[in-house]
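The structure appears right after this line, and notes come after that.
In the numbering used here, the protein residues as written are 222 to 528.
Encoded structure:
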């Protein structure tokens, strides 16, 4: 099968299309023919080994990823596709089922034509109202936004500010805060992305290139930093006395749960959340896709199509 592999850390040019053995499902696994995957900020970090955070965090990340060279040579943290075959013990899925999944717990592997997944892993039937391209972009950012906002205990009518509202996590957070929590949402993004964030439900937009939201004399019940860039001093100036501050880097938890994926599917099928797709690239243009994501200008998600 075709897959994009990398054998060393570095620029997007370390990614190469290659022929690798097609996997075969074990007794408890499904074999998915992948129709779409994504390029996330996480993929670019693992490829480049430019790990954010303190030195100890970078050390443990490198231990996990591989000290001298990548241990897991096929990136891709989420996918959608069709089940081609199942192991003999699988009861939850059938060949022909369309599914979407997170691959964080199965050594990644979305940048390939096929991927084996345990039936009790982070995989579910694809939301009926999404294409495979849209479904591939749903798990990672969607579950992250869900997990973070759930810690805010948001109530109807509360004022919620989402910083980084046009990114993958931010676009999900805006929709959740508006359509699920029924909050009054202010999105912080650039002017170029203002209409997008408004269309997702934000009642107010602050252009961070022109205004510092902390200097406006306004306060919020919940401040969600969807890109992990705010300082504690900034937050303290705009958070209400009993308000909550959430940071995607520290409040997204340490593990995924299938209940989150299934709940996300319910919200999507109810029309409360829909992944935003900025650009689509074929697998053969994975290098260009990584270059674009590294510019920091993507809106929502960048999808890789495999036919």
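Even for Gly, the Cβ is constructed at its ideal location relative to N, Cα and C.
Within the region 242-309, the beta strand (DSSP E) runs of at least 3 residues that lie entirely inside it are, in chain order, 250-260, 299-307. At a cut-off of 4 residues, the continuous stretches assigned as alpha helix (DSSP H) that sit fully inside the region 337-402 are 353-357, 360-371, 389-396. Here residue 470 carries a helix assignment [DSSP, helix/strand/coil]. The continuous stretches of beta strand (DSSP E) do not include residue 458, which lies in the alpha helix (DSSP H) extending over residues 453-459.
Taking one beta carbon from each stretch, the region 286-299 and the region 317-326 have 3 or more pairs nearer than 8 Å; the two touch. Here residue 229 really is in contact with residue 290; their C-beta atoms are around 6 Å apart, less than 8 Å. In this structure residue 525 touches residue 259 by the C-beta definition: roughly 6 Å separates them, less than 8 Å.
Of all alpha-carbon atoms in 385, 222, 366, 461, the one lying nearest the alpha-carbon of residue 398 is that of 366. In this chain, the beta strand (DSSP E) harbouring residue 238 covers 237-240. Excluding five sequence positions before and after residue 435, the CB atoms of its chain that fall closer than 6 Å to its own CB belong to 455, 458, 459, given in chain order. Residue 357 and residue 392 have their C-alpha atoms some 15 Å from each other.
Fully enclosed alpha helix (DSSP H) runs of no fewer than 4 residues are not present anywhere in the region 416-457. Taking one beta carbon from each stretch, the region 263-281 and the region 337-356 have fewer than 3 pairs nearer than 8 Å; the two do not touch. If you check the CB distance, residue 380 and residue 340 do not come in under 8 Å.
Inter-segment contact for the region 424-431 and the region 402-416 is present: three or more beta-carbon pairs are separated by less than 8 Å.
The Cβ-Cβ distance between residue 222 and residue 335 falls below 8 Å. Rounded to the nearest angstrom, the Cβ distance from residue 244 to residue 252 is 7 Å, consistent with a contact under 8 Å. Between residue 319 and residue 303, the beta carbon gap of about 5 Å places them in contact (Cβ cut-off 8 Å). Inter-residue distance for residue 519 and residue 388 is about 7 Å (C-alpha atoms, whole angstroms).
Look at residue 523 here: in three-state DSSP terms it is strand. When beta bridges are read from the DSSP output, residue 223 appears opposite 240.
Straight through space, the alpha carbons of residue 430 and residue 383 are spaced by roughly 15 Å. Assigned with DSSP and collapsed to three states, residue 326 falls in helix.
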